[in-house]
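Numbering (our numbering), first residue to last: 85 to 426.
C-beta: ideal position from N, C-alpha, C; glycine also.
Note that the structure is a prediction, hence the values are computed from the model and not measured.
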């Protein structure tokens with residue numbers, strides 16, 4: 085029999101075709117244990133034949149769940165938001181849930197409007213997406229449902245925040261350079277006001293100290309997250325300390341600028357100077373000359389991890405504190421072993 089279509093197929097229609105009660109049909113469709121396998125099969129076949137689509141709103145009234153999650157962000161167009169959002173959406177889809185996305189664009193009034201709107205939609209929980217992996221004010225008291233913060237740490241230790249582990253990423257980068265025999269390692273990064281920049285410097289210094297090495301150039305060079313700053317800083321650095329044989333950069337934009345400056349100064353990458361970036365931003369890392377070794381934050385996985393913890397909270401197992409997700413090193417042609425002395 086070909087699949088039938090109706091403008092208004094009801095649960096009663098499914099039950100009638102399967103030869104069961106409405107209550108049994110409902111239990112079968114909701115995977116309740118008290119339904120026999122053969123009965124469940126008949127109900128599912130009937131629902132398939134009738135192209136039955138359950139009424140989500142009605143199911144929500146019965147279960148107390150709408151199977152929707154509110155995602156609140158301040159910078160949807162930011163470099164890091166989209167891959168995290170893709171991870172969130174992928175994990176929710178696997179759990180047969182939907183996401184309602186709201187971009188407050190950094191505006192407090194807009195943010196409050198969206199919070200009220202999402203609560204009125206009776207979302208089951210919230211994911212609050214940050215834009216800098218830094219500390220942000222907690223919003224939890226405004227939510228009557230579970231909330232998880234991702235790529236932004238709530239300032240309330242009772243909340244759960246899922247972050248990229250910047251200290252781990254910097255350790256991977258520095259250990260890689262040390263393992264290649266580099267001994268004069270410098271650091272060019274973004275604004276010191278960013279916690280991510282400070283955390284990476286902390287880890288860099290620890291690895292160098294354990295290897296008995298100083299930070300070349302004396303101190304990190306803090307500036308902008310830009311190619312222009314990378315070029316400018318590299319020229320200053322190599323003019324003052326020409327012995328430098330490796331530069332760890334705070335992001336891929338800076339690293340691309342550093343690579344350009346090194347070439348302009350007649351030095352070779354990676355033979356004379358190895359360069360490592362951060363973020364694995366494809367437009368800069370893969371297209372740089374030579375392609376950049378860099379640290380990948382695993383942003384999509386970060387979003388999936390946040391949803392996993394939100395699901396746990398919805399199941400009555402909430403957690404608190406900070407979950408730091410490890411990074412991974414992506415090795416390309418911008419790093420190589422230190423040439424042997426003639």
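Cβ shell of residue i (< 8 Å), same chain only, five flanking positions each side left out
i	result
residue 342	272, 314, 315, 317, 318, 331, 333 and 359
residue 379	253, 254, 256, 257, 360, 361, 362, 363, 364, 411, 412, 413 and 414
residue 228	203
residue 104	112, 123, 126 and 127
residue 146	Reliability fails at residue 146, whose pLDDT of 49 lies under 50, so the model's placement of it is uncertain and no value is given.
residue 393	232, 244, 246, 403 and 407
residue 182	151, 152, 153 and 176
residue 383	164, 167, 168, 171, 235 and 248
residue 224	231, 238, 240, 242 and 243
Counted within 10 angstroms of its Cβ, other Cβ atoms place residue i as buried (16 or more) or exposed
i	result
residue 98	buried
residue 193	exposed
residue 141	Here residue 141 scores only 48 on pLDDT, less than 50, and its place in the model should not be relied on; the value that follows carries that caveat. So residue 141 counts as exposed.
residue 268	buried
residue 404	exposed
residue 112	buried
residue 237	buried
residue 242	exposed
residue 294	exposed
residue 165	buried
residue 276	exposed
residue 121	exposed
residue 424	exposed
residue 390	buried
residue 129	exposed
residue 250	buried
residue 173	buried
residue 187	buried
residue 326	exposed
residue 195	buried
residue 260	buried
residue 102	buried
Helix, strand or coil at residue i according to DSSP, with G and I counted as helix
i	result
residue 363	coil
residue 198	helix
residue 271	strand
residue 424	coil
residue 336	helix
residue 237	strand
residue 331	strand
residue 347	helix
residue 279	helix
residue 419	coil
residue 357	coil
residue 311	helix
residue 209	strand
residue 231	strand
residue 409	strand
residue 262	helix
residue 370	coil
residue 145	Because the pLDDT of residue 145 is 45, which lies under 50, any placement of that residue in the model is unreliable, and the number read from its coordinates should be weighed accordingly. Reduced to three states, the DSSP call for residue 145 is helix.
residue 134	coil
residue 172	helix
residue 414	strand
residue 244	strand
residue 381	coil
residue 182	strand
Integer Cβ distance of residue i from residue j, believed to fall under 8 Å
i	j	result
residue 245	residue 406	5 Å
residue 385	residue 409	7 Å
residue 387	residue 171	3 Å
residue 430	residue 208	Nothing in the structure corresponds to residue 430, since the chain is present only between 85 and 426.
residue 306	residue 281	7 Å
residue 283	residue 215	Actually they are not in contact, since the Cβ atoms of residue 283 and residue 215 sit about 16 Å apart, beyond 8 Å.
residue 110	residue 134	With a Cβ gap of about 15 Å, residue 110 and residue 134 do not count as contacting.
residue 321	residue 349	Going by Cβ atoms, the distance from residue 321 to residue 349 rounds to 11 Å, so no, they are not a contact pair.
residue 218	residue 279	5 Å
Proximal residues to residue i (C-beta, below 7 Å), its chain only, five neighbours per side dropped
i	result
residue 266	329, 330, 358 and 422
residue 304	271, 273 and 285
residue 264	358, 419, 420, 421 and 422
residue 131	98 and 113
residue 398	208, 209 and 230
Any non-hydrogen atom of the ligand MN within 7 Å of residue i CB
i	result
residue 343	This structure does not include the ligand MN; it has no bound ligands of any sort.
6 Å Cβ shell around residue i - same chain, five flanking residues per side excluded
i	result
residue 340	311, 368 and 372
residue 417	374 and 375
residue 136	93 and 98
residue 381	248 and 411
residue 345	315, 318 and 319
residue 190	158
residue 206	150
Could you say if the stretch 358 to 375 and the stretch 290 to 298 meet the contact criterion of at least three C-beta pairs nearer than 8 Å? no
Whether or not the stretch 223 to 233 and the stretch 170 to 177 are in contact is what I'm after, with contact meaning three or more pairs of Cβ atoms, one per stretch, closer than 8 Å; do they touch? no
Would you call the stretch 185 to 202 and the stretch 150 to 164 in contact, with 3 or more CB pairs under 8 Å? yes
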